[in-house]
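So the structure is just underneath, and the comments pick up after that.
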Amino acid sequence: MGIEIHGTAASTCTGRVLLTLFEKNVEDYKIVQVDMAKGEHKSPEFLKSQPFGQIPYIIDGDVKLFESRAIARYVTKKFADQGTPLYGSSPKDAALTEQWLEVESQSYNGPISTIVFNLVFAPMFGMTTDEAVVAAQTAKLEAVLDVYEKRLSESKYLAGDFFSLADLSHITYTHYLMNVAQKGAIYDSRPHVKAWIADLFSRPSTQKWLKEAGFAK
Amino acid sequence: MTFQVHGTAPSTCTGRVLIALYEKNVEDFQIVEVDLMKGEHKSPEFLKNQPFGQIPFIVDGDVQLFESRAICRYVAHKYADQGTPLYGATAADAALTEQWLEVEAQNYNGPIAALVFNLVFAPMFGAPRDDAVVAAQTAKLEAVLDVYEQRLSESKFLAGDFFSLADLAHMTYTHYLINMAHQGAMFDSRPHVKAWVAELFARPSYQKWLALPGHLH
Numbered sequence: 050m051g052i053e054i055h056g057t058a059a060s061t062c063t064g065r066v067l068l069t070l071f072e073k074n075v076e077d078y079k080i081v082q083v084d085m086a087k088g089e090h091k092s093p094e095f096l097k098s099q100p101f102g103q104i105p106y107i108i109d110g111d112v113k114l115f116e117s118r119a120i121a122r123y124v125t126k127k128f129a130d131q132g133t134p135l136y137g138s139s140p141k142d143a144a145l146t147e148q149w150l151e152v153e154s155q156s157y158n159g160p161i162s163t164i165v166f167n168l169v170f171a172p173m174f175g176m177t178t179d180e181a182v183v184a185a186q187t188a189k190l191e192a193v194l195d196v197y198e199k200r201l202s203e204s205k206y207l208a209g210d211f212f213s214l215a216d217l218s219h220i221t222y223t224h225y226l227m228n229v230a231q232k233g234a235i236y237d238s239r240p241h242v243k244a245w246i247a248d249l250f251s252r253p254s255t256q257k258w259l260k261e262a263g264f265a266k
Numbered sequence: 025m026t027f028q029v030h031g032t033a034p035s036t037c038t039g040r041v042l043i044a045l046y047e048k049n050v051e052d053f054q055i056v057e058v059d060l061m062k063g064e065h066k067s068p069e070f071l072k073n074q075p076f077g078q079i080p081f082i083v084d085g086d087v088q089l090f091e092s093r094a095i096c097r098y099v100a101h102k103y104a105d106q107g108t109p110l111y112g113a114t115a116a117d118a119a120l121t122e123q124w125l126e127v128e129a130q131n132y133n134g135p136i137a138a139l140v141f142n143l144v145f146a147p148m149f150g151a152p153r154d155d156a157v158v159a160a161q162t163a164k165l166e167a168v169l170d171v172y173e174q175r176l177s178e179s180k181f182l183a184g185d186f187f188s189l190a191d192l193a194h195m196t197y198t199h200y201l202i203n204m205a206h207q208g209a210m211f212d213s214r215p216h217v218k219a220w221v222a223e224l225f226a227r228p229s230y231q232k233w234l235a236l237p238g239h240l241h
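So the sequences go chain by chain: Y and H.
Residues in the first sequence are numbered consecutively from 50, following my numbering.
Residues in the second sequence are numbered consecutively from 25, following my numbering.
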């Protein structure tokens with residue numbers, strides 16, 4: 050009886066959870082499809098499990114959890130003894146991982162999710178793209194990438210010279226912005242950021258997610 | 025060798041860290057004042073320590089950290105054996121703590137920070153208050169409080185029947201909105217939320233934070 054993930058593989062936040070499972074070599078999981086197009090995530094039934102009407106949530110035995118970063122932390126701790134050590138190898142590594150995971154959550158996520166919504170999802174659902182918002186959020190994102198460029202000139206990954214949950218947390222939204230919305234220039238123009246992205250996307254777990262999500266064969 | 029908190033005691037994010045230290049009965053720390061009015065947090069010297077130009081950051085021996093929620097997690101783990109158990113008592117407790125801490129970071133923080141900025145700080149600095157933003161963010165916050173009302177009718181605190189880092193993370197911004205911006209009505213109109221806020225504000229750690237010099241009244 051494995052972990053049940055209620056969501057959809059191609060979604061950014063469900064993907065964050067899947068990437069974590071893959072990094073930890075967890076095979077025993079099942080995706081229970083949530084039909085977003087039919088508004089299933091806003092149904093009274095769904096809201097009993099996730100009261101904010103968002104995917105994903107997981108069921109793992111008697112543990113039921115939502116918020117993808119909380120789920121990713123849970124998976125990382127539960128499977129601490131296998132796969133990639135997603136918190137590094139010391140308490141200091143773990144602290145720096147949490148710091149950069151908060152940076153992703155507080156500074157990267159806001160701008161990138163807004164841009165991706167406007168450029169990818171709004172057109173899909175016949176809604177208008179707010180160009181002023183895209184411009185403003187792009188400026189914010191570029192300012193964050195300037196900080197990343199400096200940081201990544203000092204260490205290979207965000208928390209240090211080890212791949213961590215902090216780096217992982219960036220992958221799915223970055224895929225949507227770079228590869229679906231075709232806005233890779235802001236990454237390519239910053240050499241250390243560019244190299245970091247190339248590294249993240251070459252990981253077997255990223256390749257596996259891209260396949261499961263239907264972006265690659 | 026002292027634990028240094030670089031920031032200013034009354035600030036919402038510095039306060040989050042101070043309350044965590046008090047909950048863990050940590051007395052041996054020093055607040056190193058950062059002069060926000062003089063723009064010290066944007067100086068080249070400061071940016072070496074916190075590249076986003078925000079307070080707080082901490083220095084604890086060879087660990088230097090920023091992002092208040094990351095610092096709180098670090099404090100909760102370092103002092104796990106003393107004070108309030110901020111992650112509850114079991115792995116399931118810890119997972120639910122992380123879930124509701126993510127809810128605070130992703131769903132509560134955005135609206136409340138915008139409201140506190142417009143209602144408390146903008147007037148202080150003679151900046152214009154955006155009434156459209158206040159209306160929109162109030163609606164968002166009230167929707168979140170509806171979820172909290174339901175949740176808190178099932179358990180005493182957010183993660184369960186134990187006070188956790190998830191509840192703690194709400195305290196300083198909630199103080200600003202209720203006590204400085206006088207927007208307590210939305211909390212008072214929801215009986216379980218009202219009782220929960222009263223609990224949080226009764227805690228000695230909150231009282232200790234309030235008693236620190238520098239708070240505006």
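Think of the CB as a built atom: it goes at the ideal place given N, C-alpha and C, for glycine as much as any other residue.
Counting only C-beta atoms, is residue i closer than 8 Å to chain H at any point?
i, result
"S213 (chain Y)", "no"
"L114 (chain Y)", "yes"
"Y206 (chain Y)", "no"
"Q82 (chain Y)", "no"
"P240 (chain Y)", "no"
Would you please verify whether the beta carbon of residue i is less than 8 Å from any beta carbon of chain Y?
i, result
"F186 (chain H)", "no"
"Y98 (chain H)", "yes"
"V171 (chain H)", "yes"
"A129 (chain H)", "yes"
"E47 (chain H)", "no"
"Q123 (chain H)", "yes"
"Q161 (chain H)", "no"
"A138 (chain H)", "no"
"A94 (chain H)", "yes"
Strictly below 8 Å CB to CB, what residues from chain Y border residue i?
i, result
"R214 (chain H)", "Simply none; closest approach about 14 Å."
"A116 (chain H)", "D111 and V112"
Using a Cβ-Cβ cut-off of 6 Å (strictly less than) and excluding sequence neighbours within five positions of residue i, which residues of its own chain qualify?
i, result
"T63 (chain Y)", "G56, T57, I104 and P105"
"W220 (chain H)", "L176"
"Y46 (chain H)", "S229 and K232"
I want to verify the contact list: residues of chain H whose CB lies under 7 Å from the CB of residue i, in sequence order.
i, result
"V152 (chain Y)", "E91"
"R118 (chain Y)", "E126"
"Q27 (chain Y)", "The question about residue 27 (chain Y) has no answer here: the residues shown for chain Y are numbered 50 through 266."
Can you check which of these residues, the options, is closest to residue i by C-alpha distance?
i, options, result
"K141 (chain Y)", "H:D84, H:A129 and H:E128", "H:D84"
"V99 (chain H)", "H:F145, H:D52 and H:A209", "H:D52"
"K97 (chain Y)", "Y:T223, Y:K113 and Y:L190", "Y:K113"
"A151 (chain H)", "H:N142, H:V158, H:A235 and H:A159", "H:N142"
"K205 (chain Y)", "Y:V183, Y:E72, Y:I246 and Y:A230", "Y:I246"
"I80 (chain Y)", "Y:T69, Y:I54 and Y:P160", "Y:I54"
"G51 (chain Y)", "Y:A265, Y:L67, Y:I108 and Y:A59", "Y:I108"
"M85 (chain Y)", "Y:A59, Y:E147 and Y:T163", "Y:A59"
"I161 (chain Y)", "Y:K266, Y:G137 and Y:L226", "Y:L226"
"G233 (chain Y)", "Y:L194, Y:Q82, Y:S139 and Y:E147", "Y:L194"
"E91 (chain H)", "Y:Q148, Y:S117 and Y:R65", "Y:Q148"
"I55 (chain H)", "H:F81, H:N49, H:K48 and H:P68", "H:F81"
"H199 (chain H)", "H:G77, H:K48, H:P147 and H:L240", "H:L240"
"E198 (chain Y)", "Y:Y136, Y:L259 and Y:R239", "Y:R239"
In chain order, what residues of the same chain have a beta carbon less than 7 Å from the beta carbon of residue i, not counting five sequence neighbours either side?
i, result
"L60 (chain H)", "T32"
"V157 (chain H)", "A138 and N142"
"G238 (chain H)", "T32, A33 and P34"
Using the beta-carbon of each residue, which ones in chain Y are nearer than 7 Å to residue i?
i, result
"F76 (chain H)", "S156 and V196"
Going by beta carbon distance, what residues of the same chain come within less than 8 Å of residue i, once the five residues before and after it are set aside?
i, result
"F181 (chain H)", "F187, S188, A190, D191, W220 and E223"
"L201 (chain Y)", "L207, H241, V242, A244 and W245"
"R122 (chain Y)", "L214"
"A205 (chain H)", "L139, V140, L143 and V144"
"I202 (chain H)", "G208, F211 and V221"
"I235 (chain Y)", "T187, L190, E191 and L194"
"V41 (chain H)", "V29, G31, P80, I82, S92, I95, C96 and V99"
Report the neighbours of residue i on chain Y: residues whose CB is nearer than 9 Å to its CB, in chain order.
i, result
"V87 (chain H)", "P140, K141, A144 and L145"
"Q28 (chain H)", "Ordered by position in chain Y, no residue passes the 9 Å Cβ test against Q28 (chain H), which lies about 15 Å from the chain."
List the residues of chain H whose Cβ lies closer than 9 Å to the Cβ of residue i, in chain order.
i, result
"K91 (chain Y)", "Per Cβ cutoff of 9 Å: no residues; K91 (chain Y) is ~13 Å from chain H at best."
"K199 (chain Y)", "P75"
"Y123 (chain Y)", "A115, A118, A119, E122 and Q123"
Mind listing the chain H neighbours of residue i? Cutoff is C-beta to C-beta under 8 Å, in chain order.
i, result
"P100 (chain Y)", "V171, Q174 and R175"
Problem - Cβ contact (3+ pairs, closer than 8 Å) linking the region 69-81 of chain H and the region 29-39 of chain H - result: yes
Problem - contact_flag[the region 90-100 of chain Y, the region 37-49 of chain H] where n(CB pairs < 8 Å) is 3 or more - result: no
Exercise for the section: Indicate whether the contact test is met: 3 or more Cβ pairs, each with one atom in the region 165-180 of chain H and one in the region 91-109 of chain H, closer than 8 Å. Expected result: no
Handout entry: At least 3 beta-carbon pairs within less than 8 Å: the region 113-129 of chain H vs the region 122-134 of chain Y
Key = yes
Problem - At least three beta-carbon pairs within less than 8 Å, the region 191-200 of chain H to the region 122-133 of chain H - result: yes
Problem - Meets three-Cβ-pair contact criterion under 8 Å: the region 215-234 of chain Y and the region 151-159 of chain Y - result: yes
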